[in-house]
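Asks: Numbering (full-length UniProt numbering), first residue to last: 1 to 444.
#1: Helix, strand or coil: which one does DSSP assign to residue 289?
#2: Taking only the alpha-carbon atoms, compute the straight-line gap between residue 223 and residue 119 and give it to the nearest angstrom.
#3: Which residues in the same chain have their Cβ closer than 8 Å to the Cβ of residue 345, if we skip the five residues on either side of it in sequence?
#4: Which residue or residues does DSSP assign as beta-bridge partners of residue 378?
#5: Does the region 110-127 come within contact of the region 179-194, defined as at least 3 CB pairs closer than 8 Å?
#6: Excluding sequence positions up to five away, which residues of its chain have a Cβ less than 7 Å from the Cβ of residue 310?
#7: So what does residue 384 bridge to, in DSSP terms?
#8: Nearest-angstrom Cα distance between residue 232 and residue 336?
#9: Considering only C-alpha positions, which residue in the set 381, 93 and 387 is nearest to residue 411?
#10: Quick one: using the 10 Å Cβ neighbour count with 16 as the cut-off for buried, is residue 164 buried or exposed?
#11: Ordered along the chain, which non-local residues of its own chain (more than five positions away) have a Cβ less than 8 Å from that of residue 352?
#12: Roughly how many whole angstroms lie between the Cα atoms of residue 61 and residue 142?
#13: Using CA atoms only, rank isn't needed, just tell me which of 214, 384, 329 and 121 is closest to residue 300.
#14: Taking the alpha helix (DSSP H) that residue 70 belongs to, which residues open and close that run?
#15: When the Cα atoms are used, what is the spatial distance from residue 314 to residue 195?
#16: Tell me the DSSP secondary structure of residue 282 in three-state form.
#17: Quick one, which of 374, 127 and 261 has its alpha-carbon nearest residue 408's?
#18: Whose CA, out of 152, 182, 154 and 86, lies closest to the CA of residue 332?
#19: Closest by CA to residue 67, which one among 56, 53 and 86?
#20: My output table needs one value for residue 319: the three-state DSSP class, helix, strand or coil.
#21: With DSSP as the reference, label residue 309 as helix, strand or coil.
#22: What is the rounded straight-line gap between the Cα of residue 400 and the Cα of residue 417?
#23: Output needed for residue 406: all residues of its chain with C-beta closer than 6 Å, excluding positions within five of it in sequence on either side, in chain order.
#24: Cα-Cα, which of 75, 93, 149 and 121 is closest to residue 306?
#25: Determine the closest residue to residue 228 out of 318, 170 and 88, with distance taken between C-alpha atoms.
#26: At the level of alpha carbons, what is the spacing between residue 326 and residue 171?
#27: Let me make sure I understand the geometry here. Which of 75, 256 and 69 has the alpha-carbon closest to that of residue 91?
#28: Could you give the distance in angstroms between the alpha-carbon of residue 162 and the alpha-carbon of residue 184?
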């Protein structure tokens, strides 16, 4: 026998329990282990009585709904996360699950036990990848102006929204709305946060991550994420030890000590080990940062402001946790989620109208072979993705027929897909006298 808990709002939305009979505490659901899977599934009256076939059906329907919404939204250039959330809305109680028979068959109350475990594991892996792809050492190369943009992107909205929410709390006289008004400061803090991973994801979706504004947004969002992390951590510690100030400061000291040990001892130790085990010594990873000019154009400043307002999975998970801890209500949760989705969708549609990254290459149209000088050196950039591309590149270079009077200079760019980083990198590969291990660039 397996016993687990469900949130009251899930029982209310997906179950048949009326709101007047719903208890305020968590709802207990019992399930037999023999109902998870069975070798005689095809001999049963309905395979959906077992947990595993039911979970596979739910995952299949979820994937199909996401694909349908993605292909419908793709002509408009909207990001993938909108299709993922709208796919969930399509299968949720707002649309298809309003049909009573479909709701009880596909999403019974007992299925939420396994779905909650799977979703929790998914969030664990997602946040693990967020930590893997985030390079905190880029903060060492961020300029003062990038730091100022990132800091004020969090500080200014938080000060304005907190001030308005506190002012509204002072003048609110309706006792029926007291609970909603009391949650406004927490909503203001949550809406003011910026995530580096979400900004990087949307920049990749819009294909502007390698543009000048994209690099400025990346460097500024790193600082904003650091400030957001400090705000969230301080808020959690303050709520947990509100009546014990010594415990609050003690938790902060422990966190600072832990971060110092990781950055000052563990980090350099791992870097030392990598230098002595891996072949080649690439340059430091600071190619994705750029220095801001003293006078940024107004149009670029508007586009940069749009980039810093993106919200995604991390913010939606924060809203869900706030709802589960009863910091916000159902209405506030729905409004915050809709605001995040509509805002990100509108920004994705508006940004191409304000900013075109291809304009920076308009001056390159005259740099062709027809416009080059005779008996001058021809510079060729050869991009190679795999080792099989080398013979084709050699054949193309051979057709140029270089001579002493008209030589060619070949620059090779080995293009590698970055699986563990959210920022684009440009590294110069040094070839040592003796390689300790075989690297991917050695045959090239």
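Note that the Cβ used here is the ideal one computed from N, Cα and C, for glycine as well.
Replies: Put simply:
#1: Residue placement at residue 289 cannot be trusted, given a pLDDT of 31 that sits under 50; what the coordinates show is reported in the next sentence. Three-state result, residue 289: coil.
#2: 29 Å
#3: 78, 79 and 82
#4: 408
#5: no
#6: 198, 199, 202, 344 and 347
#7: 414
#8: 17 Å
#9: 381
#10: exposed
#11: 77 and 206
#12: 45 Å
#13: 214
#14: 51-73
#15: 7 Å
#16: Unreliable placement is indicated for residue 282, whose pLDDT of 35 sits below 50; the coordinate value is still reported in the next sentence. DSSP places residue 282 in coil when its eight states are reduced to three.
#17: 374
#18: 182
#19: 86
#20: helix
#21: coil
#22: 29 Å
#23: 375
#24: 149
#25: 318
#26: 23 Å
#27: 69
#28: 8 Å
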